[in-house]
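Visitor:
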Amino acid sequence: ELKVEQNPLFLSMQEGKNYTIYCNYSTTSDRLYWYRQDPGKSLESLFVLLSNGAVKQEGRLMASLDTKARLSTLHITAAVHDLSATYFCAVGSGTYKYIFGTGTRLKVLA
Amino acid sequence: SAVISQKPSRDICQRGTSLTIQCQVDSQVTMMFWYRQQPGQSLTLIATANQGSEATYESGFVIDKFPISRPNLTFSTLTVSNMSPEDSSIYLCSVPDPPRNTFGSGTRLTVV
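Just so you know, the protein sequences line up as chains B and C, in that order.
Sequential numbering from 39 applies to the first sequence in this note's numbering.
Sequential numbering from 83 applies to the second sequence in this note's numbering.
1) Going by alpha carbons, who is nearest to glutamate 96 of chain B out of B:Thr115, B:Leu81, B:Gly78, B:Leu109?
2) In chain C, which residues lie with their C-beta within 8 angstroms of the C-beta of lysine 135 of chain B?
3) Taking 9 angstroms as the threshold (C-beta atoms), are glutamine 119 of chain C and glycine 186 of chain C in contact?
4) Can you check whether the C-beta of glutamine 123 of chain C is within less than 9 angstroms of a C-beta belonging to chain B?
5) Would you mind giving the Cβ-Cβ distance between alanine 137 of chain C and threonine 130 of chain C, rounded to the nearest angstrom? I have them listed as a contact below 8 angstroms.
6) Cysteine 105 of chain C and methionine 165 of chain C look like a contact to me (Cβ under 8 angstroms); what is the Cβ gap, rounded to whole Å?
7) Closer than 7 angstroms between beta carbons: that is the criterion. Which residues of the segment 54-81 of chain B meet it against chain C?
8) Report the option in C:Thr156, C:Gln133, C:Gln123 whose CA atom is closest to the CA atom of glutamine 88 of chain C.
9) Could you check the C-alpha separation between glycine 141 of chain B and serine 80 of chain B for me, to the nearest Å?
10) If you compare alpha carbons, which of B:Thr111, B:Asp68, B:Leu99 is closest to serine 89 of chain B?
11) Closest Cβ-Cβ distance between arginine 182 of chain C and chain B: below 9 angstroms?
12) State buried or exposed for threonine 159 of chain C, treating a residue as buried only when at least 16 other CB atoms are found within 10 Å of its CB.
13) Please name the residue or residues paired with phenylalanine 48 of chain B in a DSSP beta bridge.
14) Go to phenylalanine 143 of chain C, then tell me how far its beta strand (DSSP E) extends in each direction, as first and last residue.
15) Could you tell me which uninterrupted beta strand (DSSP E) segments, each at least 3 residues in length, are contained entirely in the segment 87-148 of chain B, listed from first to last along the chain?
16) Can you find a C-beta in chain B that's less than 9 angstroms from the C-beta of leucine 155 of chain C?
17) Compare the C-alpha of valine 86 of chain B against each of B:Arg98, B:Cys61, B:Leu103, B:Gln75 and name the closest.
18) Between B:Phe138, B:Lys145, B:Ala148, B:Leu147, which has its C-alpha nearest tyrosine 29 of chain B's C-alpha?
19) Please name the residue in C:Ser171, C:Ser109, C:Ile128 whose C-alpha comes closest to that of glutamate 140 of chain C.
20) Any beta carbon from chain B within less than 9 angstroms of glycine 142 of chain C's own beta carbon?
21) Over what stretch of residues does the beta strand (DSSP E) that includes methionine 165 of chain C continue unbroken?
22) Applying the 10 Å Cβ sphere with the 16-neighbour rule, what's the burial state of leucine 47 of chain B?
23) Round the Cβ separation of serine 100 of chain C and threonine 161 of chain C to the nearest angstrom and send it over; I've been treating them as touching at under 8 angstroms.
24) Would you please state the rounded distance, in angstroms, between the beta carbons of serine 131 of chain B and leucine 40 of chain B? I believe it to be under 8 angstroms.
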């Protein structure tokens, strides 16, 4: 059974600081997705990582995938308040099915 | 990218009743997925709705509790039956929208 774990579960950080969210999964997959969810909202797609060594960047966020280590990271550079949200990784399992990670609730403090 | 209309956006229901959630997509899709997000938790896949065949349910979810219809390639419904307070969650539909899946806006269900 595929399991996906994220850490930390909660992250409170100061504006301007850097931090990394980790996503570990238990079985082989080469499809990894990152989503953002604001309170009371649906999921917004951030990154799609489809191969070992894939790296994607958008603004202050950068995501990477290491399929051999079964690990993806979401790195936040110089955090700003607008990045406060819950971040989920999801691993592809079968055709278009996702198994979601536990989520990381990020709060950026001014 | 795909545009999904999900209704209702929220509802408060009495225990023992049922609620049907609708999901309409602006393009034809082979599969539609239904997820549950319990308060403060992650998303759990309930079932995959396939047009022309019965839905495929994940472990821990059964058709009697969560019947699903898929009458065509752009529409699906999920019914939450005989509700209890433990069914209070956000329910989301999702469709393949390569290279990712796109999610509906969600239905926030409160059972009292």
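Virtual Cβ for every residue (Gly too), placed ideally from N, Cα, C.
Guide: The structure says:
1) B:Thr115
2) Phe115, Leu127, Thr130
3) no
4) yes
5) 6 angstroms
6) Not confirmed; about 19 angstroms, so no contact.
7) Tyr71, Ser80, Leu81
8) C:Thr156
9) 14 angstroms
10) B:Asp68
11) yes
12) buried
13) B:Arg143
14) Where phenylalanine 143 of chain C is concerned, there is no enclosing beta strand (DSSP E), given that its DSSP letter is neither H nor E.
15) 93-96, 99-104, 109-114, 123-130, 136-138, 142-147
16) no
17) B:Leu103
18) An answer regarding residue 29 of chain B cannot be provided, because it is not within the stretch 39 to 148 covered by chain B.
19) C:Ile128
20) no
21) Methionine 165 of chain C -> no beta strand (DSSP E), and no H or E assigned at all.
22) exposed
23) 6 angstroms
24) 5 angstroms
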